[in-house]
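> The structure's right below; bear with me while I get my questions together.
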Amino acid sequence: MPKVIIAGGGIAGCAAALAARKAGAEVVLFERTDMLFGVAVRSGEVNGNGWFIGQKELRFLGGGEFFAALESLKIHDNARFPDAPAGHPFIFHTGLAEPLVRRMVLGAGVEVHFETRVVNARKKGARVEAVKLTDGSWVEGAAFVDATGARGGLSVCTRYGKGCMMCLVRCIPFGDRMGIADKIGGRELGRTRPDGTPGTVNSAVAVFKDTLAPWLKAKVEKEGLLRIPLPESLIDTAKVGIGDAARPKEFVENIILGDIGPVAKCFGMVYMPQEQIRKVPGFENVQVEDPHRSSFNHICNFVFSERDTALRATGWENLFCAGERAGHGGVVGAMGTGYMAGHNAARSAFGMEPLVLSASLALGDWIAFAGEQYATADGLKKHFGMGRGAYWERMLKLGLYTESDNAIEQRVAEAGLSNVFARRLK
Ligand SMILES: Cc1cc2nc3c(=O)[nH]c(=O)nc-3n(C[C@H](O)[C@H](O)[C@H](O)COP(=O)(O)OP(=O)(O)OC[C@H]3O[C@@H](n4cnc5c(N)ncnc54)[C@H](O)[C@@H]3O)c2cc1C
Numbered sequence: 000m001p002k003v004i005i006a007g008g009g010i011a012g013c014a015a016a017l018a019a020r021k022a023g024a025e026v027v028l029f030e031r032t033d034m035l036f037g038v039a040v041r042s043g044e045v046n047g048n049g050w051f052i053g054q055k056e057l058r059f060l061g062g063g064e065f066f067a068a069l070e071s072l073k074i075h076d077n078a079r080f081p082d083a084p085a086g087h088p089f090i091f092h093t094g095l096a097e098p099l100v101r102r103m104v105l106g107a108g109v110e111v112h113f114e115t116r117v118v119n120a121r122k123k124g125a126r127v128e129a130v131k132l133t134d135g136s137w138v139e140g141a142a143f144v145d146a147t148g149a150r151g152g153l154s155v156c157t158r159y160g161k162g163c164m165m166c167l168v169r170c171i172p173f174g175d176r177m178g179i180a181d182k183i184g185g186r187e188l189g190r191t192r193p194d195g196t197p198g199t200v201n202s203a204v205a206v207f208k209d210t211l212a213p214w215l216k217a218k219v220e221k222e223g224l225l226r227i228p229l230p231e232s233l234i235d236t237a238k239v240g241i242g243d244a245a246r247p248k249e250f251v252e253n254i255i256l257g258d259i260g261p262v263a264k265c266f267g268m269v270y271m272p273q274e275q276i277r278k279v280p281g282f283e284n285v286q287v288e289d290p291h292r293s294s295f296n297h298i299c300n301f302v303f304s305e306r307d308t309a310l311r312a313t314g315w316e317n318l319f320c321a322g323e324r325a326g327h328g329g330v331v332g333a334m335g336t337g338y339m340a341g342h343n344a345a346r347s348a349f350g351m352e353p354l355v356l357s358a359s360l361a362l363g364d365w366i367a368f369a370g371e372q373y374a375t376a377d378g379l380k381k382h383f384g385m386g387r388g389a390y391w392e393r394m395l396k397l398g399l400y401t402e403s404d405n406a407i408e409q410r411v412a413e414a415g416l417s418n419v420f421a422r423r424l425k
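With the first letter of the sequence shown counted as 1, position 230 gets the number 229 in the numbering used here; the numbers rise by one all the way through.
Shown next as structure tokens:
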């Protein structure tokens, strides 16, 4: 059986591993920490706006089991976010997701090596031959998936805030991130913020639930999502668009507090110093969870691989990328691109041409559109989630949003792609 090697065990890497196994390949996954699920351990919100379409298409494409697993951990249904008026947004228990996903990946027969970092790669012509691990050994494979997430040096952290979500996935003790394509001379792209400075700095602040006032803790656990107006003196309109250009001003005028299980999360909130947040009723004794505090705690999509519509790293025959490494974040985005990269890596390993999803599907159109946009300086400044911003607007314009399961199933069938990710290739 040909071997597919996956670097990184976040959502994208796990989805890639499941897809490559289903396609019939032997799969080895290297994860530098001792856990799977990556930065999604502090996500929680799924299925809003266009993400609803993404996950439905994925289901009809034969890659529905990952989302179904998260759905089984749903703790708050119909959590309406200010920027997700459509879809069926819900919050899942982020604390219970990793063990569930770990069981799925191991149960599928994926060989997972924890606390094993990929540090280099070796090429022959336009093919990747092997990856090098921290212990100096080289592991050869027939095809590779880079799912190592967003990359950016520690200088980025000191510039935008000390300590962030990346620390939660133990970036310092487990070593910095890397991109396989970068190691062998492939092209990488760097995102910029609206003001032209490097890197997308998203925002979200997690707080320990027990440090909220008992009445507020009880309320958020009961209702799932609260909109808490900030006192006038704490509203800083200069923060609109700092955290995420596509987030509306509701996220600066209010705390959008959600219960994601182990902690409560201030969705889309640009960090405010402790003495300020403690002026908000119910937050008098609050403690922010992030290890060193931060100016922004969701640093993402800094540097990623240039790739084609098959998610193949530009210039490389057998190297695919997924999730934030392919310029596609979000839980469902990492999942969708993960399935596709894993499936295509298996195809490559079996000597088959990679699959390109039809542009009649939102997932196919999204991958192609974002790829085109990333080729321009302006595109590198934009947000390309399915939930808001440029792609959500495009999805509506193209009429790709629908509430009908039948219509989505039909569109996948008409593209000749029903259950494509569930089919064994050989
Ligand atoms: C704080 C925060 C809140 C978020 N909230 C939401 C939300 O509510 N809803 C939503 O849809 N999205 C949310 N997102 C975005 C979403 O969680 C991410 O886009 C998605 O999980 C990224 O998955 P990934 O697999 O591409 O990358 P990552 O999760 O970063 O996974 C990469 C993995 O690769 C490993 N790795 C890195 N380098 C190496 C190496 N050299 N060798 C081996 N392993 C390596 C890492 O340890 C990690 O496990 C949030 C993100 C953050 C940071």
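Quick reminder that beta carbons are idealized off the backbone N, C-alpha and C, glycines included.
#1: When the Cα atoms are used, what is the spatial distance from K2 to C13?
#2: Just list the residues that DSSP pairs K122 with in beta bridges.
#3: Please work out which residues of its chain come closer than 7 angstroms, Cβ to Cβ, to R393, disregarding the five sequence neighbours upstream and downstream, and give them in chain order.
#4: Where I407 and E56 are concerned, what is the direct C-alpha to C-alpha distance, given to the nearest angstrom?
#5: Am I right that I259 and T93 are in contact with their C-beta atoms under 8 angstroms? What's the rounded C-beta distance?
#6: Looking at the structure shown, is H291 part of a helix, part of a strand, or coil, going by DSSP?
#7: Under the criterion of a Cβ to heavy atom distance below 6 angstroms, does T430 qualify as lining ligand 1?
#8: Which residues in the same chain have their Cβ closer than 6 angstroms to the Cβ of R116, if we skip the five residues on either side of it in sequence?
#9: Keeping to the same chain, check which residues put their C-beta closer than 6 angstroms to that of N119; ignore five residues upstream and five downstream.
#10: Ligand 1 heavy atoms versus the CB of R176: any closer than 6 angstroms?
#11: What is the rounded straight-line gap between the Cα of H291 and the Cα of F349?
#12: Find the nearest neighbour of G398 within the set L360, F420, L379, R422, judged by alpha-carbon distance.
#13: By Cβ distance, which residues of its chain are closer than 8 angstroms to E252, with the 5 residues on each side in sequence left out?
#14: Which residues mark the beginning and the end of the beta strand (DSSP E) in which K248 is found?
#15: Is A224 buried or exposed, if buried means 16 or more other CB atoms sit within 10 Å of its CB?
#16: For G63, tell me which candidate among G86, A15, A39 has the shortest Cα-Cα distance.
#17: What is the DSSP secondary structure of D145, counted as helix, strand or coil?
#18: Quick one: using the 10 Å Cβ neighbour count with 16 as the cut-off for buried, is T501 buried or exposed?
#19: If you draw a straight line from the alpha carbon of L379 to that of G184, how long is it in whole angstroms?
#20: If you draw a straight line from the C-alpha of G384 to the C-alpha of A146, how long is it?
#21: Do M268 and V219 come within 7 angstroms of each other at the CB atom, strictly closer than that value?
#22: Quick one: residues in its chain with C-beta nearer than 6 angstroms to the C-beta of A312, no 5 flanking neighbours on either side, listed in chain order?
#23: Is DSSP giving K355 helix, strand or coil here?
#24: Per DSSP, what are the beta-bridge partners of H112 in this structure?
#25: I think G328 touches G49, with their Cβ atoms under 8 angstroms apart; what is that distance to the nearest whole Å?
#26: Answer yes or no: do G257 and K264 have a C-beta to C-beta separation smaller than 7 angstroms?
#27: In angstroms with no decimal places, state the Cα-to-Cα distance between A414 and G178.
#28: Is it buried or exposed for L69, if we count other Cβ within 10 angstroms and need 16 for buried?
#29: How long is the line joining the alpha carbons of Q275 and E44, rounded to whole angstroms?
#30: Count the other CB atoms, across all protein chains shown, that sit within 10 Å of the CB of I10; report buried if there are 16 or more and exposed otherwise.
#31: Taking A345 as the reference, which of G140, K278, F59, E283 has the closest Cα?
#32: Would F29 and A149 qualify as a contact pair, given that the criterion is a beta-carbon distance under 7 angstroms?
#33: For D404, collect the residues of the same chain with a Cβ closer than 7 angstroms to its Cβ; drop the 5 residues on either side in sequence, then sort them by chain order.
#34: Under the rule that 16 or more other beta-carbon atoms within 10 Å means buried, what is R423, buried or exposed?
#35: Out of curiosity, what's the CA-to-CA distance linking F51 and A18?
#36: Starting from I4 and walking both ways along the beta strand (DSSP E), at which residues does that stretch end?
Straight from the coordinates:
#1: The sequence position of residue 2 within the sequence shown is 3, counting from 1. The sequence position of residue 13 within the sequence shown is 14, counting from 1. The alpha-carbon atoms of K2 and C13 are separated by roughly 16 angstroms.
#2: Taking the sequence shown and counting its residues from 1, the one referred to as residue 122 is at position 123. In DSSP, K122 forms a bridge with V127.
#3: For the purposes of this step, residue 393 is taken as the residue at position 394 of the sequence shown. Here the set comprises F368.
#4: One-based indexing of the sequence shown puts residue 407 at position 408. One-based indexing of the sequence shown puts residue 56 at position 57. Spanning the two alpha carbons is a distance of roughly 6 angstroms.
#5: The count along the sequence shown starts at 1 and reaches residue 259 at position 260. The count along the sequence shown starts at 1 and reaches residue 93 at position 94. Approximately 5 angstroms separates the beta-carbon atoms of I259 and T93; this is inside 8 angstroms, confirming the contact.
#6: Working through the sequence shown from its first residue, we reach residue 291 at position 292. Since pLDDT at H291 reaches only 49, below the 50 mark, its modelled position is unreliable, and the value read off the structure follows with that caveat. Reduced to three states, the DSSP call for H291 is coil.
#7: Given that the chain is displayed from residue 0 to residue 425, the structure contains no residue 430 and the question cannot be resolved.
#8: One-based indexing of the sequence shown puts residue 116 at position 117. The residues R31, T133, G174, in chain order, have a CB closer than 6 angstroms to that of R116 in the same chain once the five nearest residues on each side in sequence are set aside.
#9: Locating residue 119 in the sequence shown gives position 120, where the first residue counts as 1. Contacts found: K131, K182.
#10: Here the question's residue 176 lines up with position 177 in the sequence shown. Yes.
#11: Reading the sequence shown from its first residue, position 292 is the one you call residue 291. Reading the sequence shown from its first residue, position 350 is the one you call residue 349. Only weak support is given to the placement of H291: the predicted model assigns it a pLDDT of 49, under 50, and the question is left unresolved by the model.
#12: Here residue 398 refers to the residue found at position 399 when the sequence shown is read from its first residue. Closest in C-alpha terms to G398, from the list L360, F420, L379, R422, comes L360.
#13: On the sequence shown, position 253 is the one that residue 252 refers to. Answer for E252: P228, L229, I234, listed in chain order.
#14: For the purposes of this step, residue 248 is taken as residue 249 along the sequence shown, with counting starting at 1. Neither: K248 is in no beta strand (DSSP E) and is coded neither H nor E.
#15: Taking the sequence shown and counting its residues from 1, the one referred to as residue 224 is at position 225. The sequence shown places Leu at residue 224, not Ala. Under this definition L224 is a buried residue.
#16: One-based indexing of the sequence shown puts residue 63 at position 64. Of the listed residues, the one whose Cα sits closest to G63 is A15.
#17: Mapped onto the sequence shown, residue 145 falls at position 146. In this structure, DSSP gives D145 an extended state, which the three-state scheme calls strand.
#18: Not covered by the structure: residue 501. The range shown for the chain is 0 to 425.
#19: Within the sequence shown, numbered from 1, the residue matching residue 379 stands at position 380. Within the sequence shown, numbered from 1, the residue matching residue 184 stands at position 185. Looking at the two C-alpha atoms, the distance is approximately 21 angstroms.
#20: Numbered from 1 along the sequence shown, position 385 holds the residue referred to as residue 384. Numbered from 1 along the sequence shown, position 147 holds the residue referred to as residue 146. A straight-line Cα-Cα distance of about 17 angstroms links G384 and A146.
#21: Locating residue 219 in the sequence shown gives position 220, where the first residue counts as 1. Locating residue 268 in the sequence shown gives position 269, where the first residue counts as 1. Contact flag unset, no.
#22: Residue 312 sits at position 313 when you count from the first residue of the sequence shown. Excluding sequence neighbours, A312 sits near A180, G185, S304, R306, L318, C320.
#23: Against the sequence shown, residue 355 aligns to sequence position 356. First, the residue type needs correcting, since residue 355 is Val and not Lys in the sequence shown. Here V355 carries a coil assignment [DSSP, helix/strand/coil].
#24: Counting from one through the sequence shown, the residue named residue 112 turns up at place 113. DSSP, once it has assigned bridges, lists F29 as partnering H112.
#25: Walking along the sequence shown from the start, residue 328 turns up at place 329. Walking along the sequence shown from the start, residue 49 turns up at place 50. The C-beta separation of G328 from G49 comes to about 13 angstroms, leaving the pair out of contact by the 8 angstroms criterion.
#26: Start at 1 with the first residue of the sequence shown, and residue 257 comes out as number 258. Start at 1 with the first residue of the sequence shown, and residue 264 comes out as number 265. Taking 7 angstroms as the Cβ cut-off, G257 and K264 qualify as a contacting pair.
#27: Here residue 414 refers to the residue found at position 415 of the sequence shown. Here residue 178 refers to the residue found at position 179 of the sequence shown. Taking the straight line from one Cα to the other gives about 33 angstroms.
#28: The residue you call residue 69 lines up with position 70 of the sequence shown. Around the CB of L69, 16 or more other CB atoms lie within 10 Å, so the residue is classed as buried.
#29: The sequence position of residue 275 within the sequence shown is 276, counting from 1. The sequence position of residue 44 within the sequence shown is 45, counting from 1. When only Cα atoms are considered, Q275 and E44 end up about 26 angstroms apart.
#30: Numbered from 1 along the sequence shown, position 11 holds the residue referred to as residue 10. Result: buried.
#31: Residue mapping note: residue 345 aligns to position 346 of the sequence shown, counting from 1. The shortest Cα separation from A345 among G140, K278, F59, E283 belongs to G140.
#32: Residue numbering aside, residue 29 sits at position 30 when the sequence shown is read from its first letter. Residue numbering aside, residue 149 sits at position 150 when the sequence shown is read from its first letter. No, the Cβ-Cβ distance between F29 and A149 is not below 7 angstroms.
#33: Residue 404 sits at position 405 when you count from the first residue of the sequence shown. Correct list, in chain order: K55.
#34: For the purposes of this step, residue 423 is identified with residue 424 of the sequence shown, where counting begins at 1. Result: exposed.
#35: Locating residue 51 in the sequence shown gives position 52, where the first residue counts as 1. Locating residue 18 in the sequence shown gives position 19, where the first residue counts as 1. F51 and A18 have their C-alpha atoms spaced approximately 20 angstroms apart.
#36: Counting from one through the sequence shown, the residue named residue 4 turns up at place 5. In the DSSP assignment, I4 falls within the unbroken beta strand (DSSP E) covering 2-6.
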